[in-house]
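Just add 60 to the spot in the sequence shown (first one is 1) and you have my numbering.
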Amino acid sequence: MTPLHTFSHRPDGHRQRGFSLIELSVVLIVIGLIVGAVAVGRDLQRSAANQRLSTDFIQGWQLAYEAYFNGVGRPPGDNATSPTGRINASGTELCDTAMINTFLAAGIRLPTGRTEGQQNRYVYLDSNGNPQEVRVCFQSVDWSEPSSSVGQYVSRQRNVMVLRGVTFSLAGALDQQIDGRSDARFGSFREEKLANVLTANHPGEKWPISDSMAFGDIDETRLDESQVAVAKAFFKMMR
């Protein structure tokens, strides 16, 4: 009977042996470190991209608005003969070509944006690495402000920059930079539906979206390949 061999032999006569538990552990640790480094690098890259969007684009339009107000003496779109102090005296949004031409006619330098004629649009990547587009308009909206009584609020007309296509990550980054905290109801940066909440003695509100929600879906059904949910935000101008 041919004897059974419990070990195979290499041609040179040496036994083959498997990896020890220590060696496997070291390999798994190295893989974990690599995966962690990639994730951290991706987060840092996205944070840097959000910072560029804020500095080059959002602040660029804020400066353009201030330059227009200082040069013309009224908000863009306001009535020249009977100024109301409101953007587009009718209360409608000032957007796209009409907005761009209004600023250019006053000699205002605009942010680069996507391209010529689309200076009010900016493409960025969401937390899944999918492209999103933020779009800037201006409008006069109802805005909640403290009244003369503690804990009470009144509605006033305020001029705002309208930001469409804002993801949770971008909203949080902009809110922290502008107000020092992420709060969708209070401060100068608010979510559209919470900008004029008049509920008395009410605390702040979290943003009603998150990066775990899919684009166009309020449920947490995000897939890795999905665009994430976006919101519409208001950024109050100084005048």
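Note that beta-carbon positions come from the ideal geometry of N, C-alpha and C, so glycine has one too.
Fair warning: this is a prediction, and the values are worked out from it, not measured in the lab.
Among the options, the one whose alpha carbon lies nearest that of residue i
i, options, result
"A291", "P143, A231 and G189", "A231"
"A293", "R299, A244, H262 and S286", "A244"
"M273", "E153, F246, S208 and S229", "S229"
"P263", "Y213, R112, S200 and I238", "Y213"
"A149", "Q287, N219, S242 and L223", "N219"
"N180", "Q199, S204, V288 and L223", "L223"
"A260", "S204, V90, D271 and S286", "S204"
"M298", "S286, D271 and S248", "S248"
"F295", "G177, F129, Q199 and Y128", "Q199"
"A289", "V210, M221, A166 and V226", "V226"
"Q287", "L185, G211 and D239", "L185"
"R134", "A166, F246 and R241", "A166"
"M221", "L164, Q178 and E126", "E126"
Beta-ladder partner(s) of residue i, from DSSP
i, result
"D202", "Q217"
"Y182", "V194"
"E265", "None, per the DSSP bridge assignment."
"R174", "In DSSP, R174 forms no bridge with anything."
"K296", "V220"
"A291", "V226"
Local Cβ density within 10 Å of residue i, reported as buried at 16 or more and exposed below that
i, result
"T175", "exposed"
"D202", "exposed"
"E251", "buried"
"Q217", "exposed"
"G276", "exposed"
"L84", "exposed"
"Q87", "Here residue 87 turns out to be Val, not Gln, going by the sequence shown. By the neighbour-count rule (16 or more Cβ atoms within 10 Å), V87 is not buried but exposed."
"P136", "buried"
"S80", "exposed"
"S305", "There is simply no residue 305 to check, as the chain begins at 61 and stops at 299 in what is shown."
"V90", "exposed"
"Q111", "exposed"
"S68", "No answer about S68 holds up, because its pLDDT of 47 lies below 50 and its placement is not dependable."
"A140", "exposed"
"V183", "exposed"
"L154", "buried"
"V194", "buried"
Coarse secondary structure for residue i, derived from DSSP in three states
i, result
"A274", "strand"
"T141", "coil"
"Y128", "helix"
"T227", "strand"
"E285", "coil"
"L154", "strand"
"R250", "strand"
"A260", "coil"
"V210", "coil"
"S114", "helix"
"G167", "coil"
"N148", "coil"
"N188", "coil"
"G133", "coil"
"G92", "helix"
"G232", "helix"
"L64", "Unreliable positioning characterises L64 in this predicted model, as indicated by a pLDDT of 48, which lies under 50. The coordinate reading is nonetheless provided below. Here L64 sits in coil by DSSP."
"G120", "helix"
"S80", "coil"
"A109", "helix"
"S85", "helix"
"D239", "helix"
| task | Examine the Cβ distances between the segment 114 to 130 and the segment 222 to 238 and report whether three or more of them are shorter than 8 Å. | result | yes
| query | How about the segment 132 to 145 and the segment 177 to 190: do they share at least three Cβ pairs that are nearer than 8 Å? | reply | no
| query | Is the segment 158 to 169 touching the segment 254 to 266, taking contact as three or more C-beta pairs under 8 Å? | reply | no
| task | Please confirm if the segment 263 to 272 is in contact with the segment 167 to 185, defined as three or more CB-CB distances below 8 Å between the two stretches. | result | no
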